[in-house]
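Here this note's numbering runs 5 ahead of the position in the sequence shown, where the first position is 1. All residues carry an ideal CB built from backbone N, CA and C; glycine is no exception. None of the values given here were measured: they were computed from a predicted structure. One structure is given here, and the rest of the page talks about it.
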Amino acid sequence: MDGPQDLGGKESFGAIEVDSPAYREDWERRQWALSKLVAPPGLTIDWFRHALETMPPGVYLSVPYFQKWNANDMALAIDAGFYTMDECLSGHASEKGKPPDTLSVDDCEDLQRRMNRSFATVIEEPPEFQVGDTIRTDPRPRPGHTRLPAYARGATGRVIAHHGAHLYPEAGAKGDHIAHHLYTVEFCASDLWSDCEASDDKICLDLWEPYLASA
6 MDGPQDLGGK ESFGAIEVDS PAYREDWERR QWALSKLVAP PGLTIDWFRH ALETMPPGVY
66 LSVPYFQKWN ANDMALAIDA GFYTMDECLS GHASEKGKPP DTLSVDDCED LQRRMNRSFA
126 TVIEEPPEFQ VGDTIRTDPR PRPGHTRLPA YARGATGRVI AHHGAHLYPE AGAKGDHIAH
186 HLYTVEFCAS DLWSDCEASD DKICLDLWEP YLASA
């Protein structure tokens, strides 16, 4: 999860505005709707997030949330061949294209039914770990769409729940439907941050099996 989006344990970003409005300006409402309407075929949430997280750090941290979505939607559309970079910059198509097919209400309902409502699935491989096992997370920086935050790399924790197999984000970002067992792992805050030595706080992370090894 190396990148500007990995904010866990980072300082100097200020307090979270828990009562802030979902949309600060009207264009943000439209952007949210457009993202839902013009997604390329086969787009997964992991591919969307991975593309978003490849923005240059300075841009990612300085532009509004939905401006990131806007830039990401344009990049994904160019990648899918919807239009070219030159067409995007000019705001006009270079040639007249075929109008998109109109979806009926039934079509939309069928699309919604086929979308992932859960990422849980079943695999043949048994879980490598059981509740109560002590594990150690992978200490290495991982390329790709990893969901192991940097502050928890190389840390020792205890498995407190097994959730069965779930689709693996690193594979989903590449368009592959591969699943691994998913666990909730509990860590002592003092094992993650040196300035928490006197703390009894516990941190729980949901982590996939490839991130873990027996301690």
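Asked: Three-way DSSP call (helix, strand, coil) for Asp-43 in this model; Found: Correcting the residue identity first, residue 43 is Val in this sequence and not Asp. Coil at Val-43, not helix or strand.
Asked: Beta-carbon proximity list for Gly-8, same chain, < 6 Å, skipping 5 on both sides; Found: Glu-58
Asked: 3-residue-minimum beta strand (DSSP E) runs that sit fully inside the stretch 149-203, ordered along the chain; Found: 161-172 and 184-193
Asked: Euclidean distance between Cα positions of Ala-194 and Phe-134; Found: 22 Å
Asked: Three-way DSSP call (helix, strand, coil) for Arg-34 in this model; Found: helix
Asked: Bounding residues of the beta strand (DSSP E) (the contiguous stretch that carries Ser-95); Found: Unbroken run through Ser-95 is the alpha helix (DSSP H), 90-95; no beta strand (DSSP E).
Asked: Identity of the residues DSSP links to Ser-219 by a beta bridge; Found: Ile-140
Asked: Residues that DSSP places opposite Lys-207 in a beta bridge; Found: Cys-193
Asked: Nearest candidate by alpha-carbon position, reference Glu-3, set Tyr-216, Thr-139, Arg-145 and Cys-209; Found: The structure shown does not extend to residue 3, since the chain is modelled only from 6 through 220, so no value can be given for it.
Asked: Extent of the continuous alpha helix (DSSP H) run through Lys-101; Found: Looking at the DSSP string, Lys-101 is not in any alpha helix (DSSP H), and its letter there is neither H nor E.
Asked: Three-state secondary structure (DSSP) of Leu-12; Found: coil
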